[in-house]
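**Student:** Right, I'll just put the structure down here and ask away after.
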Amino acid sequence: MLGRAIASGKVQLALSIWNLFEIGAATDEAQRERRLVFLDTLVPVWVVERRAIQRQEVERFLWHHKFGLIRKELIAITRSLSVVDSFFAGAQTRIGLTARQFIRETDFTALNPLKKLSPDALKVLQTADRKLLKSKEKEMFEAWVSQSIPDLDPGGRAFTISQKAELVSFCWQQRKQFLAECRSLAVEHALTRARTADAKRTAEESDGLDLQHSAVALSYCDVFFSRDRYQARCAELARDTLKTMSLGEICTTPDSLSATLATF
Numbered sequence: 000m001l002g003r004a005i006a007s008g009k010v011q012l013a014l015s016i017w018n019l020f021e022i023g024a025a026t027d028e029a030q031r032e033r034r035l036v037f038l039d040t041l042v043p044v045w046v047v048e049r050r051a052i053q054r055q056e057v058e059r060f061l062w063h064h065k066f067g068l069i070r071k072e073l074i075a076i077t078r079s080l081s082v083v084d085s086f087f088a089g090a091q092t093r094i095g096l097t098a099r100q101f102i103r104e105t106d107f108t109a110l111n112p113l114k115k116l117s118p119d120a121l122k123v124l125q126t127a128d129r130k131l132l133k134s135k136e137k138e139m140f141e142a143w144v145s146q147s148i149p150d151l152d153p154g155g156r157a158f159t160i161s162q163k164a165e166l167v168s169f170c171w172q173q174r175k176q177f178l179a180e181c182r183s184l185a186v187e188h189a190l191t192r193a194r195t196a197d198a199k200r201t202a203e204e205s206d207g208l209d210l211q212h213s214a215v216a217l218s219y220c221d222v223f224f225s226r227d228r229y230q231a232r233c234a235e236l237a238r239d240t241l242k243t244m245s246l247g248e249i250c251t252t253p254d255s256l257s258a259t260l261a262t263f
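Using numbering that gives the first Met the number 0, read the sequence shown as starting at 0 and increasing by one per residue.
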């Protein structure tokens, strides 16, 4: 079904490096190869990693609203995996990078400790006093957005620490417009609220990858297909929260995906 839809030229499969992470981290090498062969037949396009997209969103917002400049083009989807790599590697970008090469050259065991960061953070937010969280809203916003503030000003000069702090404050002061324009940041915020609403739920290591997939897919893809019920439920809640923002359709079964693709 997916193959026929792609062959029609009306849709394209978009994958991220986190899809490759899930494939590469599997211990069954035969299964890994079958998945890669299948993906090769679908000729996917590639989704730029969430943090790289968010840095672009924040820069575009500041360049336009703070400095009165024309926004740069935002790159969220690309035909080349090398373009995705370039946001991390810079001058060391691997030209002609393939999915197999990415998996072969990635040390997945070194990334295992990072899996605990997301569930640990969710546990803190789940059990935190709501009044306390409300009082810390500005502080948390600034800590969150500061990670995406550009290092260089429009003229190519490095921002000072105080200048960066001023830019973060500007984003907070304009936060309604900021979240309206910084799509994946707004979706991430809505997803986090959905995931921390139930204090009794046990956060899992997969929550981090779920966020990576959902935040970008909802923001920049037409359709987000997930067989994970909890991931899809949180995506639905986030989509409902951001009703004024045109987000991707959410499909949870092959039949619903087929019906949605038929509308393209």
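Glycine included, C-beta positions come from ideal geometry on N, C-alpha and C.
So is Q230 buried or exposed if we call it buried at 16+ other beta carbons inside 10 Å?
**Tutor:** With 16 or more Cβ atoms within 10 Å of its Cβ, Q230 is classed as buried.
**Student:** Let me know if E187 comes out buried or exposed under the rule of 16 or more other beta-carbons within 10 Å of its beta-carbon.
**Tutor:** Result: buried.
**Student:** Report all residues from its chain with a CB closer than 8 Å to the CB of R174; omit the five preceding and five following residues, and keep chain order.
**Tutor:** Cβ within range, chain order: F140.
**Student:** List the residues that DSSP assigns as beta-bridge partners of P5.
**Tutor:** First, the residue type needs correcting, since residue 5 is Ile and not Pro in the sequence shown. Partner(s): none; I5 has no beta bridge.
**Student:** Give every residue of the same chain whose Cβ lies closer than 6 Å to the Cβ of F263, excluding the five residues on either side of it in the sequence, and list them in chain order.
**Tutor:** Contacts found: K9, V10.
**Student:** Give the straight-line distance between the Cα atoms of E203 and G154, rounded to the nearest whole angstrom.
**Tutor:** Those two C-alpha atoms are separated by around 43 Å.
**Student:** Please check the pair L217 and A193, which I expect to be a contact at CB under 8 Å, by giving their CB distance rounded to whole angstroms.
**Tutor:** Contact doesn't hold; Cβ gap of about 12 Å is too wide.
**Student:** Using the three-state DSSP reduction, which class does C220 fall into: helix, strand or coil?
**Tutor:** If DSSP states are grouped into helix, strand and coil, C220 belongs with coil.
**Student:** Opposite T77 in the DSSP bridges: which residues?
**Tutor:** DSSP lists W45 as partners of T77.
**Student:** With distances taken between CB atoms, is the gap from I94 to E48 smaller than 7 Å?
**Tutor:** Not in contact: I94 and E48 (Cβ atoms no closer than 7 Å).
**Student:** In three-state terms, what does DSSP make of E165?
**Tutor:** Here E165 sits in helix by DSSP.
**Student:** Judging by CA-CA distance, which residue of T97, L131, D152 is the nearest neighbour of L68?
**Tutor:** It is D152.
**Student:** May I ask you to report which of helix, strand or coil DSSP gives C250?
**Tutor:** Strand at C250.
**Student:** Considering S343, what are the terminal residues of the alpha helix (DSSP H) in which it resides?
**Tutor:** Shown here, the chain extends from 0 to 263; a query on residue 343 therefore has no answer.
**Student:** Measuring alpha carbon to alpha carbon, tell me which residue in F177, R3, G23 is nearest M244.
**Tutor:** Here the closest residue by C-alpha is F177.
**Student:** The alpha helix (DSSP H) with L151 in it runs from where to where?
**Tutor:** Taken as a continuous stretch (DSSP letters only), L151 belongs to no alpha helix (DSSP H), as it is neither H nor E.
**Student:** Can you find the residues in the same chain that come closer than 6 Å, C-beta to C-beta, to Q211, ignoring five residues on each side of it along the sequence?
**Tutor:** The answer, listed in chain order, is W17, R49.
**Student:** Along the chain, where does the beta strand (DSSP E) that runs through S15 open and close?
**Tutor:** 13-15 is the span of the beta strand (DSSP E), which, as asked, contains S15.
**Student:** If contacts are defined as beta-carbon pairs under 8 Å, then C181 and Q53 qualify, I think. What distance do you get, rounded to the angstrom?
**Tutor:** Confirmed, about 7 Å.
**Student:** What are the boundary residues of the alpha helix (DSSP H) that includes A120?
**Tutor:** Unbroken alpha helix (DSSP H) run through A120: 116-126.
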